[in-house]
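The block underneath contains the structure these notes are about, expressed in structure tokens.
Protein chains: 2
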Amino acid sequence: MGKGDAVTGKSGTGGGDLPASIEAAWGLRERPAKGPKPGLSLERIVAAAVAVAASEGLAAVSMGRVAKEVGASTMSLYRYVSAKDELYVLMQEAAFGPPAPLAALEAGAGWREALTEWAAGQRAQFLANLWVLRIPIGGPPATPNSLAWWEQGLQALEGSGLGEGDKISVILLVSNFVRSEALLVSDLSAAVAARGVSPEEVVAGQERTLRRLVDPVRHPAIHRLLDSGVMSEPDDPDYEFTFGLATLLDGVEALIRSTAAGG
Amino acid sequence: MGKGDAVTGKSGTGGGDLPASIEAAWGLRERPAKGPKPGLSLERIVAAAVAVAASEGLAAVSMGRVAKEVGASTMSLYRYVSAKDELYVLMQEAAFGPPAPLAALEAGAGWREALTEWAAGQRAQFLANLWVLRIPIGGPPATPNSLAWWEQGLQALEGSGLGEGDKISVILLVSNFVRSEALLVSDLSAAVAARGVSPEEVVAGQERTLRRLVDPVRHPAIHRLLDSGVMSEPDDPDYEFTFGLATLLDGVEALIRSTAAGG
DNA sequence: CCCCTTCTGCGTATGACATACGCGTTATTG
DNA sequence: CAATAACGCGTATGTCATACGCAGAAGGGG
Chain A
1 MGKGDAVTGK SGTGGGDLPA SIEAAWGLRE RPAKGPKPGL SLERIVAAAV AVAASEGLAA
61 VSMGRVAKEV GASTMSLYRY VSAKDELYVL MQEAAFGPPA PLAALEAGAG WREALTEWAA
121 GQRAQFLANL WVLRIPIGGP PATPNSLAWW EQGLQALEGS GLGEGDKISV ILLVSNFVRS
181 EALLVSDLSA AVAARGVSPE EVVAGQERTL RRLVDPVRHP AIHRLLDSGV MSEPDDPDYE
241 FTFGLATLLD GVEALIRSTA AGG
Chain B
1 MGKGDAVTGK SGTGGGDLPA SIEAAWGLRE RPAKGPKPGL SLERIVAAAV AVAASEGLAA
61 VSMGRVAKEV GASTMSLYRY VSAKDELYVL MQEAAFGPPA PLAALEAGAG WREALTEWAA
121 GQRAQFLANL WVLRIPIGGP PATPNSLAWW EQGLQALEGS GLGEGDKISV ILLVSNFVRS
181 EALLVSDLSA AVAARGVSPE EVVAGQERTL RRLVDPVRHP AIHRLLDSGV MSEPDDPDYE
241 FTFGLATLLD GVEALIRSTA AGG
């Protein structure tokens with residue numbers, strides 16, 4: 001060999017072409033019995049990367065930086081990770097962890113309670129690891145924890161009577177909603193961090209900017225919105241989440257009803 | 001002066017601290033009457049950048065590349081744009097353009113038809129400019145066309161009886177949904193472009209990968225899903241959009257009903 | 001028991017890139 | 001007609017990801 005090694009993508013289970021990052025996440029690493037013992041481990045590297053991201057943001061995560069953190073040279077990391085993207089995937093996987101069991105399911109509650117709990121859990125993970133939202137996406141990751149989350153979402157919909165196809169669609173819908181809303185929170189938090197002011201001031205500043213740009217003739221609806229004073233009211237950081245999720249689930253409820261009726 | 005100039009952020013209208021990119025988008029540029037005539041123009045630069053992004057993807061858009069395209073040196077661009085992020089904002093603004101008038105509104109149709117048309121229009125813009133989805137977001141952009149889209153969304157909800165706060169929340173909800181779904185399409189399309197195969201093959205490959213990883217015991221719901229054969233069915237690229245939007249709007253409908261009832 | 005294979009850590013090198021700085025040049029205005 | 005600003009842009013800096021190859025370590029086969 002002699003290229004960028006770091007396990008070039010052979011599965012032990014069947015010989016497909018799994019992205020190396022996925023194999024790494026599943027721990028399908030054939031311990032090579034030949035060379036010297038590795039001085040590092042994927043876990044240590046990923047943990048260090050996560051620590052850097054958590055304290056200084058995803059942008060601070062460079063191969064060099066992670067290497068320094070772990071006490072090794074930059075290039076040695078490539079013995080464990082084939083590219084930075086792979087590190088990203090592993091970081092996300094590590095930060096999220098597996099989902100906690102759904103209390104609603106165990107209590108025998110309905111799909112709505114279960115899905116709500118599921119969404120809240122996912123949101124909590126995003127808010128606890130805002131940097132995850134800055135990782136550029138590249139298709140649905142098939143990592144163990146991601147799958148576990150999906151599994152749990154599907155289970156929440158078990159008693160709904162929906163068809164399998166509708167179930168994933170709903171899961172996708174909720175999942176994307178959670179992500180979008182978290183990103184919004186993250187953006188606000190980033191703005192707060194960038195300037196040194198309070199969230200309220202940031203929002204107020206945005207409103208002032210809008211007011212300056214909005215022309216009552218060209219933008220009557222926005223103008224009305226600004227005049228209504230809604231921008232200054234809520235203050236509850238969870239409001240948009242609660243509202244959006246409720247609305248979304250009302251839609252799902254309608255779908256379930258029509259399915260049950262025989263659609 | 002003598003720093004990174006390119007209009008450092010003074011508004012002609014009131015003297016606030018608008019991000020330079022926003023000012024640029026609104027055309028609030030005080031034509032300096034002093035120096036030599038500019039050999040370039042923001043429009044030319046942005047158009048060149050958009051062309052590169054459209055044909056080779058956002059990653060191909062570097063300052064150097066755009067400069068070459070426009071027949072100037074890299075650094076000369078910084079006389080027109082204060083940073084690359086600004087160029088991004090301008091690119092998005094240019095690619096999206098203003099929204100077309102809503103036929104549903106003019107025909108006096110209800111909010112649902114109007115919002116559906118609005119969402120479809122937005123989606124069409126994303127699909128026609130997939131690279132836009134790769135631009136890292138940083139808060140809600142207050143550019144002219146963005147505002148125009150918001151305005152139109154709010155107008156679509158005019159006859160709904162919703163409060164102003166609920167209106168933006170709904171707009172946000174729909175808007176984020178459209179973006180998420182478009183990103184999904186974009187990811188698929190990227191995977192198709194990366195390997196040289198058909199969309200069907202990509203999806204089939206993903207299913208095969210999943211099948212390999214999913215353990216019937218650990219992931220009963222996903223296993224059931226795979227067994228149901230739903231993954232291979234639809235083939236309609238608009239399905240997820242249509243389904244998701246309908247579900248979402250059902251939720252909005254419930255909200256409107258309860259508002260009308262007096263909640 | 002030794003050597004050969006295979007893997008390790010890592011120094012070095014390459015090639016992008018964004019962008020700061022300052023110089024010479026060109027219009028415009030007093 | 002000079003003082004003033006802007007302009008185009010060459011040069012330099014610093015950061016990154018990552019290719020390549022070497023030297024040393026650890027087992028396995030003869």
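If you read the sequences in order, they're chains A and B. Just so you know, we're using UniProt numbering here: the first sequence kicks off at 1 and counts up by one. Just so you know, we're using UniProt numbering here: the second sequence kicks off at 1 and counts up by one. Glycine is no exception: its CB is placed at the ideal position from the N, C-alpha and C atoms. Predicted, not measured: the structure shown is a model, and the values here were computed from it.
Around the Cβ of residue i, are there at least 16 other Cβ atoms within 10 angstroms (buried) or fewer (exposed)?
{"i": "M91 of chain B", "result": "buried"}
{"i": "E201 of chain A", "result": "exposed"}
{"i": "Y80 of chain B", "result": "buried"}
{"i": "D166 of chain A", "result": "buried"}
{"i": "A182 of chain A", "result": "buried"}
{"i": "V46 of chain B", "result": "buried"}
Do the CB positions of residue i and residue j come within less than 8 Å of each other?
{"i": "L133 of chain B", "j": "S62 of chain B", "result": "no"}
{"i": "G244 of chain B", "j": "S169 of chain A", "result": "yes"}
{"i": "A221 of chain B", "j": "Q155 of chain A", "result": "yes"}
{"i": "A100 of chain A", "j": "A114 of chain A", "result": "no"}
{"i": "S82 of chain B", "j": "A20 of chain B", "result": "yes"}
{"i": "A48 of chain B", "j": "V66 of chain B", "result": "yes"}
{"i": "V50 of chain B", "j": "E69 of chain B", "result": "no"}
{"i": "I135 of chain B", "j": "W150 of chain B", "result": "no"}
{"i": "S175 of chain B", "j": "Q122 of chain B", "result": "yes"}
{"i": "P141 of chain B", "j": "V89 of chain B", "result": "yes"}
{"i": "H219 of chain B", "j": "L147 of chain A", "result": "yes"}
{"i": "L249 of chain B", "j": "S189 of chain B", "result": "no"}
{"i": "N145 of chain A", "j": "E93 of chain A", "result": "yes"}
{"i": "A109 of chain A", "j": "V178 of chain A", "result": "no"}
{"i": "L184 of chain B", "j": "E240 of chain B", "result": "yes"}
{"i": "V252 of chain A", "j": "E164 of chain B", "result": "no"}
{"i": "L225 of chain B", "j": "E207 of chain B", "result": "no"}
{"i": "I256 of chain A", "j": "G161 of chain A", "result": "yes"}
{"i": "E117 of chain A", "j": "L102 of chain A", "result": "yes"}
{"i": "W26 of chain B", "j": "L28 of chain A", "result": "no"}
Roughly how many whole angstroms lie between the Cα atoms of residue i and residue j?
{"i": "A254 of chain B", "j": "T247 of chain A", "result": "8 Å"}
{"i": "A124 of chain B", "j": "L173 of chain A", "result": "19 Å"}
{"i": "L40 of chain B", "j": "T143 of chain B", "result": "22 Å"}
{"i": "L58 of chain B", "j": "L210 of chain A", "result": "29 Å"}
{"i": "R195 of chain A", "j": "S55 of chain A", "result": "18 Å"}
{"i": "I137 of chain A", "j": "S198 of chain B", "result": "21 Å"}
{"i": "R44 of chain B", "j": "A261 of chain B", "result": "54 Å"}
{"i": "D235 of chain B", "j": "T242 of chain B", "result": "13 Å"}
{"i": "S258 of chain B", "j": "D238 of chain A", "result": "21 Å"}
{"i": "P32 of chain B", "j": "A60 of chain B", "result": "32 Å"}
{"i": "D17 of chain A", "j": "S228 of chain B", "result": "25 Å"}
{"i": "A193 of chain B", "j": "D215 of chain B", "result": "31 Å"}
{"i": "G97 of chain B", "j": "K84 of chain A", "result": "35 Å"}
{"i": "E106 of chain B", "j": "G64 of chain B", "result": "46 Å"}
{"i": "E30 of chain B", "j": "I22 of chain A", "result": "53 Å"}
{"i": "Y78 of chain B", "j": "L42 of chain B", "result": "10 Å"}
{"i": "V217 of chain A", "j": "G263 of chain A", "result": "45 Å"}
{"i": "H223 of chain A", "j": "G71 of chain B", "result": "42 Å"}
What distance in whole Å lies between the Cβ atoms of residue j and residue i, which are believed to be in contact at a cut-off of 8 Å?
{"i": "W111 of chain A", "j": "G159 of chain A", "result": "6 Å"}
{"i": "A204 of chain B", "j": "G139 of chain A", "result": "Between G139 of chain A and A204 of chain B the Cβ distance is about 14 Å, and since that is not below 8 Å, they are no contact."}
Which whole runs of the alpha helix (DSSP H) in the UniProt DNA-binding region "H-T-H motif" (62-81) of chain B are 4 residues long or more, in chain order?
63-70
Please list the segments of the alpha helix (DSSP H) lying wholly inside the region 212-247 of chain A, counting only runs of 4 or more residues, in order along the chain.
220-227
Quick one: complete alpha helix (DSSP H) runs, 4+ long, within the region 145-200 of chain B?
164-194
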